[in-house]
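Engineer: Mind looking over this structure? Questions follow.
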Amino acid sequence: MTIDQTDRLLLVLLTENARAPVAELGRKLGLSRTTVQSRIERLERRGVIAGYTARLSDDHERGLVKAHVLITAMPKLAPKVEAELRRIPEVRTLHSVSGHFDMIAIVVAPSIGELDQLIDRIGALEGVERTMSSIILSTRIER
């Protein structure tokens with residue numbers, strides 16, 4: 001599906017605040033409320049907008065320790081590793097990647113000690129050959 005510049009701007013506004021009133025979006029885009037509503041519905045129908053989610057406040061997130069955990073999995077057991085990682089609520093995001101590692105998990109924990117236990121738990125999963133982790137000190141850009 002091709003999207004025009006107005007759709008792109010609408011998507012940026014929705015990414016910033018998915019709960020923004022349609023009338024407000026219309027004012028920012030210079031369009032009527034009904035036109036904006038129609039565009040949103042079209043983007044949803046065509047799968048450009050896959051859903052809406054809650055983003056946690058910076059104050060809440062500031063209290064958590066975040067890390068990237070790079071994971072090497074045994075090839076035939078990679079689907080099992082993925083399934084097990086899905087069951088761990090502290091795993092916020094899981095990427096399949098190319099290179100020396102097979103997956104990168106973005107994880108959160110309330111403390112360094114609990115992060116250490118979480119990384120050990122991931123490393124002990126059947127099919128995980130090794131892990132390497134990096135603690136996230138700060139996030140400079142998030143879109």
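With the first letter of the sequence shown counted as 1, position 82 gets the number 82 in UniProt numbering; the numbers rise by one all the way through. Heads up, the beta-carbon is just placed ideally off N, CA and C, and yes, glycines get one too.
Assign residue 180 to one of three DSSP states: helix, strand, or coil.
Structural biologist: No answer is possible for residue 180: it lies beyond the span of the chain, which begins at 1 and ends at 143.
Engineer: Going straight from the alpha carbon of Ile-136 to that of Leu-94, what length do you get?
Structural biologist: About 15 Å.
Engineer: With H, G and I counted as helix, E and B as strand and the rest as coil, what does DSSP make of Ala-23?
Structural biologist: Of the three classes helix, strand and coil, the one that applies to Ala-23 here is helix, per DSSP.
Engineer: Hey, could you find the ends of the beta strand (DSSP E) Leu-94 is sitting in?
Structural biologist: Where Leu-94 is concerned, the enclosing beta strand (DSSP E) stretches over 91-96.
Engineer: Quick one: what does DSSP say Val-81 is sitting in, helix, strand or coil?
Structural biologist: Here Val-81 sits in helix by DSSP.
Engineer: Whole-angstrom Cβ separation of Ile-104 and Val-97, contact assumed at under 8 Å?
Structural biologist: Contact flag correct, Cβ pair sits at about 6 Å.
Engineer: Are the stretch 77-89 and the stretch 112-126 touching by the rule of at least three beta carbon pairs closer than 8 Å?
Structural biologist: With the cut-off at 8 Å, the stretch 77-89 and the stretch 112-126 touch.
Engineer: Any contact between the stretch 59-76 and the stretch 18-28? By contact I mean 3 or more CB pairs, one from each, below 8 Å.
Structural biologist: Result no; under three Cβ-Cβ pairs closer than 8 Å.
Engineer: Where do the ends of the beta strand (DSSP E) carrying Ser-134 lie?
Structural biologist: It spans 128-136 - the beta strand (DSSP E) in which Ser-134 sits, taken as one unbroken run.
Engineer: If you follow the beta strand (DSSP E) that Leu-70 is in, where does it begin and where does it stop?
Structural biologist: Segment 65-73, the beta strand (DSSP E) holding Leu-70.
Engineer: When the Cα atoms are used, what is the spatial distance from Ile-40 to Arg-55?
Structural biologist: So the two alpha carbons sit approximately 20 Å from each other.
Engineer: Could you say which of Asp-59, His-60 and Thr-6 lies nearest to Ser-38 if we only look at CA atoms?
Structural biologist: Ranking Asp-59, His-60 and Thr-6 by Cα distance to Ser-38 puts Thr-6 first.
Engineer: Out of Leu-125, Pro-110, Arg-33 and Leu-9, which one is the CA nearest neighbour of Leu-77?
Structural biologist: Residue Leu-125 is the option with its Cα nearest to Leu-77.
Engineer: Roughly how many angstroms lie between the CA atoms of Asp-116 and Ala-109, to the nearest whole one?
Structural biologist: For Asp-116 and Ala-109, the distance between alpha carbons rounds to 9 Å.
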